[in-house]
Amino acid sequence: QVQLVESGGGLVHPGGSLRLSCTPSEIIDSIYILAWYRQAPAKQREFVAKITSGGVIDYADSVKGRFTISRDNTKNTMNLQMNGLQPEDTAVYYCFARTAYEYWGQGTQVTVSS
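So the sequence shown is numbered by the numbering used here: it starts at 6 and just counts up by one.
As C-alpha cells, then:
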C-alpha cells in the first residue's frame with residue numbers, strides 16, 4: 006500500500022504561481038507512473054500531467070507551457086510547478102501513483118482568484 010501526501014496548494018491571483026509536491030511512502034524509483042489529476046466543482050476528475058520512472062513526461066493540452074512536472078529522487082518527491090495560473094485552474098489537485106496497483110492522495114486545494 007502506497008500512501009501519497011500532497012502539499013503546496015493555496016490561494017493565488019491570476020497569473021501567479023504555485024508549486025505542488027507529492028511524497029510517496031515508498032521509494033519513488035519503485036513507482037512506475039506518478040501523475041497529477043484535478044477536479045473542479047461539478048466537473049469530472051481530469052488528467053493534468055504525468056512522469057514515468059524512465060522520465061517520460063506528458064501534459065494535458067490545457068496546461069502545456071505553463072506547468073512543469075518533475076521527480077526529485079534525492080528527496081523522494083514529485084513536484085508540479087504551476088505558472089501563469091488562471092481561474093479555470095481552480096480545483097482540488099490529486100497525486101496519483103501506479104505500481105502493480107493504483108493509489109490516490111487526499112488532494113490539495115488550488116484556488117485562483119482576484
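Ideal Cβ positions, reconstructed from N, Cα and C, are used throughout, including at glycine.
Residues bridged to residue i (per DSSP)
i: Asp77; result: Thr82
i: Ser176; result: Residue 176 falls outside the range modelled here, since the chain spans only 6 to 119, and no answer is possible.
Cβ pair residue i, residue j closer than 9 Å
i: Thr57; j: Leu85; result: no
i: Met87; j: Ser75; result: no
i: Gln111; j: Tyr99; result: yes
i: Phe101; j: Leu9; result: yes
Nearest-angstrom Cα separation, counted from residue j out to residue i
i: Thr113; j: Ala96; result: 8 Å
i: Ile33; j: Cys27; result: 10 Å
i: Gly59; j: Glu107; result: 18 Å
i: Asp125; j: Asp94; result: Missing from the structure shown is residue 125; the chain here goes from 6 to 119 and no further.
i: Ser30; j: Glu11; result: 11 Å
Nearest residue (CA-CA) to residue i, options the options
i: Thr73; options: Thr79, Asn81 and Gly89; result: Gly89
i: Asp77; options: Ile36, Thr104, Val115 and Gln49; result: Ile36
Same chain, Cβ closer than 7 Å to residue i, five either side skipped, listed in chain order
i: Val68; result: Val53 and Ala54
i: Pro19; result: Leu90, Gln91, Pro92, Val117 and Ser119
Chain-order list of residues whose beta-carbon lies under 6 Å from that of residue i (same chain, five-residue window excluded)
i: Asp63; result: Lys55
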